[in-house]
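K.L.:
The letter at position 14 of the sequence shown is residue 1176 when you use this note's numbering, and the numbering goes up by one with no holes. Heads up, the beta-carbon is just placed ideally off N, CA and C, and yes, glycines get one too. All values derive from a computational prediction rather than experimental measurement.
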Amino acid sequence: MSTKPDVLDVLNSQILDDDRAKYLQTQSQLNATWTFEIVPNYFKQSLAETDETKFNYFDEHFGIIDSWERAFADLRSLNEKSDDNTVYKIFLLGRHGQGYHNMANLKYGEKAWNEHWLHLTGDGEIVWAPDPELTELGQAQAKDNNYQLKVELNRNLRIPTKWYSSPFRRSVDTLIGSWQDIVDLKEVKPLIKEDFRETIGVHLCDKRSTRSVISEKYGPLGFVIEDGFEEKDVYYKDDYREKVWEQALRQNRGFQDIFNSTDKKGDAFISITSHSGSIRTQLMVLNHRPFAIGTGGMIPVFVKATKRQL
């Protein structure tokens, strides 16, 4: 069941001019090595005429315009012909399936959620914080992704060589459900990265579990936690919500690390499972048009990265 974005998803996918300007003004804080742009005409989601509210990525085979064969052949050719300062990758960006916080938002509505319920752990019927788990629908959405990925593999989609996840359970469990029995997670060792977490602060559902809890649950399944990952969530604050431009800087830092630490030719197709807010700013960082993703949704992005000459 492909989950199309709802009105709120579309609204939350937009970037205000002030946030975009502030991000551009503060990029120098990163001392970033790489700049990013989209390679056009490979995926429908990058086209201005594609209506995100009507787009069904299952029916559209993840939005591929020509064929997976052409996309990956061109990806290989571009990396072979480019100099050392230019790298091409395709990212498959996935949003976690429905979590209990999403269910609660639907139950109470956006206004009541923002004014009251997001500060609490639950209502006596639903527990949605901190670090909520997937609902039955969210688990089903991951399974549907698994089915569609197998369809695309039969149409010559490649398997990524690197997997990354937000540290939240809803993202890690979506990654597991989407890729189970396609790859052996104990072999590919997905990396849990703090940078790819959801917008930080105020919303109690966006406070993560401790490192010990994450390690105990997901370490035996093959997941690796990045170096420097603190035991407690030192970033979450009850009284400050991360700005969009601040989250964009954080996502940029995550991409800088990927391009600095992965092989140009061997790691050209990469999976990242995160959140709606994370994907909004990931697309911004990569210079992709805003594109709303429903719960459990995925969007592929063909990226050209250029190393800055310092």
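By the 10 Å Cβ neighbour count, where 16 or more other Cβ atoms means buried, how is residue 1278 classified, buried or exposed?
P.N.:
Within the sequence shown, numbered from 1, the residue matching residue 1278 stands at position 116. Looking at its Cβ environment, which holds fewer than 16 other Cβ atoms inside 10 Å, residue 1278 is exposed.
K.L.:
Please classify residue 1225: does DSSP put it in a helix, a strand, or coil?
P.N.:
Taking the first residue of the sequence shown as position 1, residue 1225 is located at position 63. Helix at residue 1225.
K.L.:
Quick check: what's the CA-CA separation for residue 1166 versus residue 1420?
P.N.:
In the sequence shown, the residue the question calls residue 1166 occupies position 4. In the sequence shown, the residue the question calls residue 1420 occupies position 258. So the two alpha carbons sit approximately 29 Å from each other.
K.L.:
Just tell me which of 1369, 1213, 1330 has its CA closest to the CA of residue 1260.
P.N.:
Translated into the one-based positions of the sequence shown, residue 1260 becomes position 98. Ranking 1369, 1213, 1330 by Cα distance to residue 1260 puts 1330 first.
K.L.:
Rounded to whole angstroms, what is the Cα-Cα separation between residue 1274 and residue 1264?
P.N.:
As a position in the sequence shown, residue 1274 is number 112, starting the count at 1. As a position in the sequence shown, residue 1264 is number 102, starting the count at 1. Roughly 13 Å separates the two Cα atoms.
K.L.:
So does the stretch 1372–1390 actually touch the stretch 1348–1361, counting three or more Cβ pairs closer than 8 Å?
P.N.:
yes
K.L.:
Where does residue 1430 fall in DSSP's three states?
P.N.:
Your numbering for residue 1430 matches position 268 in the sequence shown. Of the three classes helix, strand and coil, the one that applies to residue 1430 here is coil, per DSSP.
K.L.:
Given this structure, state the Cα-to-Cα distance separating residue 1455 from residue 1225, to the nearest angstrom.
P.N.:
Reading the sequence shown from its first residue, position 293 is the one you call residue 1455. Reading the sequence shown from its first residue, position 63 is the one you call residue 1225. The alpha-carbon atoms of residue 1455 and residue 1225 are separated by roughly 13 Å.
K.L.:
On the DSSP bridge assignment, give the partners of residue 1257 in chain order.
P.N.:
Here the question's residue 1257 lines up with position 95 in the sequence shown. Answer by DSSP bridge pairing, in chain order: 1436.
K.L.:
How would you call residue 1219, buried or exposed, if buried means at least 16 neighbouring beta carbons within 10 angstroms?
P.N.:
Translated into the one-based positions of the sequence shown, residue 1219 becomes position 57. Counting Cβ neighbours within 10 Å, residue 1219 comes out buried, since at least 16 surround it.
K.L.:
Do you know offhand how far residue 1318's Cα is from residue 1270's?
P.N.:
Within the sequence shown, the letter at position 156 stands for residue 1318. Within the sequence shown, the letter at position 108 stands for residue 1270. If you take the alpha carbons of residue 1318 and residue 1270, they lie about 43 Å apart.
K.L.:
Thinking C-alpha only, which one of 1327, 1320, 1414 is nearest residue 1230?
P.N.:
Locating residue 1230 in the sequence shown gives position 68, counting from the first residue. The option with the nearest alpha carbon to residue 1230 is 1320.
K.L.:
May I ask which residues mark the beginning and end of the beta strand (DSSP E) holding residue 1376?
P.N.:
For the purposes of this step, residue 1376 is taken as the residue at position 214 of the sequence shown. Segment 1373–1380 is the alpha helix (DSSP H) holding residue 1376; no beta strand (DSSP E) there.
K.L.:
Give me the Cα-Cα distance between residue 1282 and residue 1374, rounded to the nearest whole angstrom.
P.N.:
Working through the sequence shown from its first residue, we reach residue 1282 at position 120. Working through the sequence shown from its first residue, we reach residue 1374 at position 212. Taking the straight line joining both Cα atoms gives about 23 Å.
K.L.:
Cα-Cα, which of 1425, 1205, 1306 is closest to residue 1232?
P.N.:
Taking the sequence shown and counting its residues from 1, the one referred to as residue 1232 is at position 70. Measuring from the Cα of residue 1232, the nearest candidate turns out to be 1205.
K.L.:
Assuming residue 1468 is part of the beta strand (DSSP E), what are its boundary residues?
P.N.:
On the sequence shown, residue 1468 is found 306 positions in, with the first residue counted as 1. Run containing residue 1468: 1460–1469, per the beta strand (DSSP E) assignment.
K.L.:
With 16 other CB atoms within 10 Å as the buried threshold, where does residue 1463 fall?
P.N.:
Here residue 1463 refers to the residue found at position 301 of the sequence shown. Result: buried.
K.L.:
Using a Cβ distance threshold of 8 Å, determine whether the stretch 1168–1186 contacts the stretch 1404–1417, with at least three qualifying pairs required.
P.N.:
yes
K.L.:
If you draw a straight line from the alpha carbon of residue 1193 to that of residue 1288, how long is it in whole angstroms?
P.N.:
Indexing the sequence shown from 1 puts residue 1193 at position 31. Indexing the sequence shown from 1 puts residue 1288 at position 126. Going from the Cα of residue 1193 to the Cα of residue 1288 covers about 43 Å.
K.L.:
Whose CA, out of 1448, 1199, 1422, 1291, lies closest to the CA of residue 1365?
P.N.:
Walking along the sequence shown from the start, residue 1365 turns up at place 203. The shortest Cα separation from residue 1365 among 1448, 1199, 1422, 1291 belongs to 1291.
K.L.:
Please report the distance separating the alpha-carbon of residue 1213 from that of residue 1369.
P.N.:
In the sequence shown, residue 1213 corresponds to position 51, counting from 1. In the sequence shown, residue 1369 corresponds to position 207, counting from 1. Rounded to the nearest whole angstrom, the CA to CA distance from residue 1213 to residue 1369 is 33 Å.
K.L.:
Nearest-angstrom Cα distance between residue 1417 and residue 1254?
P.N.:
Taking the sequence shown and counting its residues from 1, one reaches residue 1417 at position 255. Taking the sequence shown and counting its residues from 1, one reaches residue 1254 at position 92. In a straight line, the C-alpha of residue 1417 is about 13 Å away from that of residue 1254.
K.L.:
Check for me: the alpha helix (DSSP H) holding residue 1314 runs from which residue to which?
P.N.:
Here the question's residue 1314 lines up with position 152 in the sequence shown. From DSSP, the alpha helix (DSSP H) with residue 1314 extends over 1298–1315.
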